[in-house]
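To keep things clear, I will list the structure first and then write my remarks on it.
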Amino acid sequence: MDIWRLMENPDDLPTPADRCGHCGQRRTPLVAVPVPQHRQLSRFPIAPQTNQSYAQGQRTLEGTYRQSYYAPNLGYPVNSSGTSAEVSRTSNRHWSDNVELCFDDKSGTHAAQVKRDSNAQASERSRRKRIMKRLNEAEREIKQKDEALLQKDEALLQKDEALRQSNAELLQSNAELLQSNAEKERLRQQLEKQAQR
């Protein structure tokens, strides 16, 4: 593949989105450049404006920079190893978060905003996860308490049934006792009448 032809005609290959996925600003078109497999780089965009950009990218190719994307037109210096803090903070952070990089952000404020947004989203996810964990624990505790109450209710029902049976037996015994007392009273009256005669 002719790299110079690609640099002169960047429209020959598809490029990423024209606008930043975070702020909507228009981004600079990039060119896909083949990279040796031993670098473990699948895609290597280089700004096609000047040979200086290509030279910066070439130095990065020869260095130890092992990330998938690099944008030399950000205006940051790149050393021989291609591991400057600015490039790592902007390009790598954005691409690792699946957010289109705003190439007009020279000061890094956009990258910082994206990082803050990502941290805020992670914090919100963590907070929701903790809340759901507490809710699940509370639901388990309530379920256990409900089961214990149901067991107590069953035991009380069994005791009530036993008391009802005992009361029924007691009522029957009282009825028999009353009948026996009435019989005794009748016999006593008969004996008294016979004694008077």
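Heads up: the sequence shown begins at 207 in the working numbering, then just goes up one per residue. Backbone N, C-alpha and C define an ideal beta-carbon position, used for all residues, glycine too.
Rounded separation between residue i and residue j - CA only
i: Lys390; j: Ser379; result: 16 Å
i: Ile337; j: Glu345; result: 12 Å
i: Gln400; j: Asn387; result: 20 Å
i: Leu173; j: Gln395; result: The shown model of the chain, from 207 to 403, leaves out residue 173, and the question about it has no answer.
i: Glu398; j: Arg392; result: 10 Å
i: Arg370; j: Lys358; result: 18 Å
i: Lys365; j: Ile348; result: 26 Å
i: Glu375; j: Leu356; result: 29 Å
i: Ser332; j: Gln350; result: 27 Å
i: Glu360; j: Lys335; result: 37 Å
i: Pro254; j: Ser329; result: With a pLDDT of 39 at Pro254, under the threshold of 50, the modelled position of this residue cannot be trusted, and the question is left open.
i: Ala381; j: Glu367; result: 21 Å
i: Ser324; j: Asp352; result: 42 Å
i: Lys321; j: Gln327; result: 10 Å
i: Gln402; j: Ser372; result: 45 Å
i: Leu377; j: Ala354; result: 35 Å
i: Leu362; j: Glu343; result: 29 Å
Assigned exposure category for residue i - 16 Cβ within 10 Å defines buried
i: Gln385; result: exposed
i: Lys339; result: exposed
Taking only runs of the alpha helix (DSSP H) that begin and end inside the stretch 336–394, which ones reach a length of at least 4 residues, in chain order? none
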